[in-house]
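Structure record follows, encoded as C-alpha cells.
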Amino acid sequence: MSWTELDTWIVLTGVLTSLACALPGTFLMLNRQSMLGDGISHAVLPGLAIAFLLTHSRDILPMVAGAVGAGLVTALLTQAVQRAGEVEGGAALGVVFCALFATGLVLIRVASDHVDLDPDCVLYGSIETAVVDVGRVPRVTLISGGLLLFNGLLTLVFYKELRFAAFDPACATTLGFNADLIRLGLTLVASITAVLAFETVGSILVIAMLVVPAAAASLLTRRLSSLLGLALLFAMLSAAGGHLAATTLPPFLGRMIGQPGLGATSSAAMMAVAAGATFALAWAVAYAVQRRQGISAVI
Amino acid sequence: MNRFCSLRAAWAVLLLLFAAGSVACHRCGAMSQGDDPRDPASVAPERPGGRSITEAGIEWPTPETLKRTLALADHNTRVVFAGVTALGAVSGLVGTFLLLRKRALLSDAVSHCTLPGIALAFLGAEAAGLSGRSLPLLLAGAAVTGALGAGGVAAIRAHTRVKDDAALAIVLSVFFGLGMALLVIVQQLPSGNAAGLARFIYGRAASMTQSDARTILIASLLVATICGALLKEFKLLCFDGNFARTQGWPVMALDLILMGLVVAVTVIGLQAVGLLLVVALLIVPAAAARFWSHRLGPTLVIALLIGGASGLSGVIASALFPKLPAGAVIVLAAVGCFAVSLVLGSRRGLLVRWLERRQVATRVARQHLLRALYEWCEAGTHPLGGDARCNLEQPVPLDGLLAANRWNRRRLARLLRLGAAEGLLLTTRERGVCQLTAQGRLEARRVTRNHRLWETYLLHYADVAPQHIHHNADQIEHVIEPEIVNELEELLAGREGKALVPAEPAGPEGGGGRGTTA
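Chains A and B, in that order, give the protein sequences.
Once you know that position 180 of the first sequence is 179 in numbering that gives the first Met the number 0, the rest is easy, because the numbers rise by one and skip nothing.
Once you know that position 236 of the second sequence is 235 in numbering that gives the first Met the number 0, the rest is easy, because the numbers rise by one and skip nothing.
Below is the structure:
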C-alpha cells in the first residue's frame, strides 16, 4: 500500500475526533452513562429530520441544533421516565431512544418525496469521503480540532467539579456544587461532540471512542489524572491503528476467501474495532500484573 | 377498605372513559375513511399540516385494500400477521425477564452484535462456493456473534471492574464497528450487492415470505415453551439472584439460557423489524406491563399482549400504508402502549400514585384537624383534667386553632371543609367557631389516643430523644394498625403506672380514657 496525503488527513481527523470524544467519555463512564452515546446516536434522527423539514436545507447549523436538541431531549426524557415512572435506568433509556429513532424513521420515510435525507448518511458518515478537500485543510479536520480544543478547555476549567460530581454526587451537592447541573452540562457537551462527529466520521466511531478508551484505561489505573491520560493515549492509538488495519487487512482477507481484489474498508469502523483491541490488550496487561503482584497491587 | 374501593372505582371509570374515547376516535376514523372514495375533494383539504409532512408521504389505502387486509383475505397476509404478532408476544415475554434481571439494554448490545455474524456468514458462504443469500445461514451467523457478544458482556462484567453499562457499550460499538467494516468489504464483492444484507439493519416485514413467517412462528413457540418450562427458575433468578445462588440453583446457567433466549428473539426479529429496532420489542412492552401489576404472572401476560398487539398493528399499518416502515410503526405502537401505561397503569401508573398520595395527605390532614380540636378543648377547659372532664362539645374559635397550630387561613379552610364533608364538625362562620359532632368527638378521641400511645411507646421503648417525639409520632400514627395499638395499650398498661408524655403539644395524660392511665 502507499501512504498518501489523504491517509494523513484521515488519521489526523480520526485522532482528533477520538481525543475529543474520549474526554467527555471518561466522565460519562464514571457517571455510569456509557450507553448515552448509543442512545443519542439513535435519537438524533428525528432531530435532524425535523430540522431538515423546517429549513429545507442541509446547512450545518440547523442540523446541529436539531441533533443537539434531540440529544438533550433523550437525556431529559430518560431521567423523567426513570424518576416519574420508577423505571430502571437502562430500560428508560431504551424506551426513549427507540421511540425517538422510530419517529425519525417514520418522519424521513413519510417526507422522503422532497427530502434527500438518508438514515444511513446520518448514522454512518465516513471519514474517507469527508476528507476529500484537495489542497487545503479539510473541513472535518478543522471541526474535529475545534471540538478537541473546546472539550479540552472545558475539562481543564471544570476538572474539579467534574471529578467531584463523578465520584460523590451526593457530597458534591451538599457542598454546593449542583451535581445534577454538572451532569446535565456533561450530557450537553457529549451531545454536541457526538452530533458534530456523527456528521463527519459516523456514529460507530463516536460511540466507541466515548467509552472504550476510558474503560480500557480504567483497567490499568485508579487515579483520574492518569485515567484521562491513558484514555487519550488509547484513543490516539486506536485511531491510527484502525486506519492501518482498514487499509492493510482487507487484501489478506480477500486472499483467504479467494477474492484478491478487495480494497480498503471503512476506516471509522475499523477504528472502533481497534479500540476494542486496545481494550483487550489493557485487559491482558491488567491480568498479567494481577497475576504477578497479587491482587492488592491492582486494587 | 372503603377508600381502596373508591380508588379502584375511579381508576375503572377513567379506563372506561379512555376506552370510550378510543372507540369514538376509531369510529370517526372509519367514517372518514369510508367517506373518502365518494367525495375525495371534501376530505383532502381537511388533512392537517398539509404543507410539510403529510402532503407528500401517505397515500390512503383504497377501501378494497382496507377490506382485504382487515378481513385477512390473502393467505400470505394471514401468515405474516401471525408471524409478527407471535414475535411481538414472545419478545414481550423474554423482555420481562430481562427487565426484571435489570439487563434491559443487553438486548441492544446483542442486536448490534448480530451484524458481523451476518456479514461473516455471507463471506464464509461465498468463500465456500455457496450462495451467500441463504437465510438460515445468515441467521445462524447472526446467532453466533450475538451469543459471543452476550458472552463478552458477561465476561467483562465478571472479570473486570468495568461497570455494566460500559461493558454493554464496549461490546456493542466494537462488534457493530466490525460488522460495518465487513459490510463494506461485502459490498465490494461482485456477488455481494449489499441490499440483501442491509435489510437486516432496518428490517422489512413487507417482504417477508410465508416460509419466513412460519419459521418465526415455530421459533417463537419454542422460545415461549422454554420460558414456560423455566418459569419458576426465572422467577427466582429475577427477584433474588443471590438467594437463588445460595439455594444451589445454577444461576450462571440460567443467566446463559436467558441470554440465549434474548439472542433467539433478536435473530428472529432481524427480518421483521431490523437489528436497530428489535431491541424496542424486548424493552418497551415489558416496561409498559410493569405499570399494571406487581406480580410476575400478570406482568408476563400483559407484556405478551402488548407485544403481540404492537406487532399486529405494525404489520396492519404497513399493509395499509406501504410507505410506512413496518418496524418503526411496530415500535411506535409499543411506545404508545407504554405512554398509556405510564399514566393509567393500575399499579404504578402516575395517576394511581397521585391519587394514593392525595389520599394519604387527606388522611393525615384529617387526623391533624381532629387532634388540634381535641387539644384545644382539653387545654381550654381543664388544664390537668383527663378525658372525663374534657368538654369536647364546646365551640372552638377558629382564631384559637390558627394560633395554636401555625396553620394559615387557606389550610384551615381546607381542613374545615374536609371535616364538614365527613360529618365530623359543624362550622359557624359568622361566629368564627366550629364544633365537633358526635361522630367527630368519637374520632377525635380515637386519633388523639393513638397518637399519645405511640408517643409514649417511642419515649419508653425506642430510645428516642424527647424533642423528636412529636415529629416521629406524627408520622407513624398515620400508618399504625389497630391491632398494634391494642397490643401497645396492654403493654403500657402492664408495665407502667403512668406513662409520661411531653407536656407540649400532647398536653396532659389521659387521651383515650383507658389504658394509658391505669
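Positions of the beta carbon are idealized from the N, C-alpha and C atoms, including for glycine.
Any C-beta of chain B sitting closer than 8 Å to the C-beta of residue i?
i: A/ASP37; result: yes
i: A/GLY184; result: no
i: A/ILE9; result: no
i: A/ALA287; result: no
i: A/ALA239; result: no
i: A/SER265; result: yes
i: A/ILE300; result: Past the boundaries of the shown model lies residue 300 of chain A; chain A is included only from 0 to 298, so the question cannot be answered.
i: A/ARG299; result: Chain A is shown from 0 up to 298; residue 299 of chain A falls before or after that span and cannot be answered.
i: A/CYS20; result: no
i: A/GLY93; result: yes
i: A/PRO250; result: no
Does any residue of chain A bring its CB to less than 8 Å from the CB of residue i?
i: B/SER172; result: yes
i: B/PHE242; result: no
i: B/LYS66; result: no
i: B/ASP164; result: yes
i: B/ASP107; result: yes
i: B/GLY48; result: The predicted position of B/GLY48 is uncertain, since its pLDDT is 34 and thus under 50; no value can be drawn from it.
i: B/LEU122; result: yes
i: B/ARG347; result: yes
i: B/PHE238; result: no
i: B/PHE518; result: What is shown of chain B runs 0 to 517, which leaves residue 518 of chain B out entirely.
i: B/ALA228; result: no
State the CB to CB distance for the pair residue i and residue j, rounded to an integer number of angstroms; the pair is presumed to be in contact (CB under 8 Å).
i: B/ALA302; j: B/GLY91; result: 4 Å
i: B/GLN434; j: B/LEU425; result: 5 Å
i: B/ALA318; j: B/THR76; result: 6 Å
i: A/GLY70; j: A/ALA42; result: 6 Å
i: A/ALA178; j: A/ALA189; result: Contact flag wrong, Cβ pair sits at about 16 Å.
i: B/LEU235; j: B/ALA243; result: 5 Å
i: B/VAL261; j: B/VAL109; result: 6 Å
i: B/PHE290; j: B/ARG347; result: 5 Å
i: A/GLY65; j: A/ILE49; result: 6 Å
Just the chain A side, please: which residues come within less than 8 Å of residue i by C-beta, in chain order?
i: B/GLU125; result: ILE256 and GLN258
Do residue i and residue j have their C-beta atoms closer together than 8 Å?
i: B/VAL314; j: B/ALA325; result: yes
i: A/VAL200; j: A/ILE126; result: yes
i: B/LYS322; j: A/VAL14; result: no
i: A/ALA207; j: A/ALA230; result: no
i: B/GLY202; j: B/ALA271; result: yes
i: B/ALA118; j: B/LEU71; result: no
i: B/VAL266; j: B/THR113; result: yes
i: A/LEU219; j: A/VAL284; result: yes
i: B/LEU99; j: B/CYS226; result: no
i: B/PRO87; j: B/GLY439; result: Note on identity: in this sequence residue 87 of chain B is Gly, with Pro being the wrong assignment. Going by C-beta atoms, B/GLY87 is not nearer than 8 Å to B/GLY439.
i: A/GLY89; j: B/LEU104; result: yes
i: B/LEU415; j: B/ALA364; result: no
Residues of chain B with CB under 9 Å from residue i, in chain order?
i: A/ILE206; result: ALA168, LEU171, SER172, PHE175 and GLY176
i: A/HIS242; result: What A/HIS242 touches in chain B: nothing, since even the nearest Cβ is about 12 Å away.
i: A/PHE100; result: LEU275, LEU276, ALA279, ALA327 and VAL330
i: A/GLY89; result: LEU98, LYS101, ARG102, ALA103, LEU104, LEU105, ASP107, ASP163, ASP164, LEU167 and ILE282
Please list, in chain order, the chain B residues whose beta carbon lies closer than 8 Å to that of residue i.
i: A/SER190; result: Near A/SER190 there are no residues of chain B at all, since even the closest Cβ is about 16 Å away, more than 8 Å.
i: A/ALA79; result: Near A/ALA79 there are no residues of chain B at all, since even the closest Cβ is about 10 Å away, more than 8 Å.
i: A/PHE197; result: Here the premise fails: no neighbours, minimum Cβ distance about 13 Å.
i: A/PRO45; result: The contacting residues do not exist; A/PRO45 stays about 11 Å from chain B at best.
Just to make sure I have the definition right: I need the residues of chain B whose C-beta is within less than 7 Å of the C-beta of residue i. Which are they?
i: A/PHE278; result: ILE169
i: A/ILE203; result: SER172, PHE175, GLY176 and MET179
i: A/PRO61; result: Under the 7 Å cutoff, chain B gives no residues; its nearest Cβ is about 14 Å from A/PRO61.
Residues in the same chain with beta-carbon distance under 7 Å from residue i, minus the five sequence neighbours each way, listed in chain order, please.
i: A/ALA273; result: SER237, GLY240, GLY241 and ALA244
i: B/VAL446; result: GLN366, LEU369 and ARG370
i: A/ARG290; result: none
Is the closest heavy atom of the ligand HEM to the C-beta of residue i under 7 Å?
i: A/PHE166; result: Of ligands this structure carries none, so the ligand HEM is not represented either.
Check the Cβ of residue i against every Cβ in chain A and list those closer than 7 Å, keeping chain order.
i: B/THR159; result: LEU218 and TRP282
Using C-beta distances below 8 Å, list every residue in its chain close to residue i, excluding the 5 sequence neighbours before and after it, in chain order.
i: A/ALA287; result: none
i: A/GLY257; result: none
Ignore the nearest five residues each way along the sequence and tell me which others in residue i's own chain have a CB closer than 6 Å to its CB.
i: A/ALA74; result: THR186
i: A/ALA271; result: ILE203, LEU204 and ALA207
i: B/ALA387; result: Bear in mind that the predicted position of B/ALA387 carries a pLDDT of just 48, short of 50, making it unreliable; the figure below should be weighed with that in mind. For B/ALA387, where only same-chain residues beyond five positions count, there are no Cβ hits under 6 Å.
i: A/ALA279; result: none
i: B/TYR456; result: LEU487
Quick one: list the residues of chain A neighbouring residue i, beta-carbon separation under 9 Å, in chain order.
i: B/VAL363; result: Ordered by position in chain A, no residue passes the 9 Å Cβ test against B/VAL363, which lies about 23 Å from the chain.
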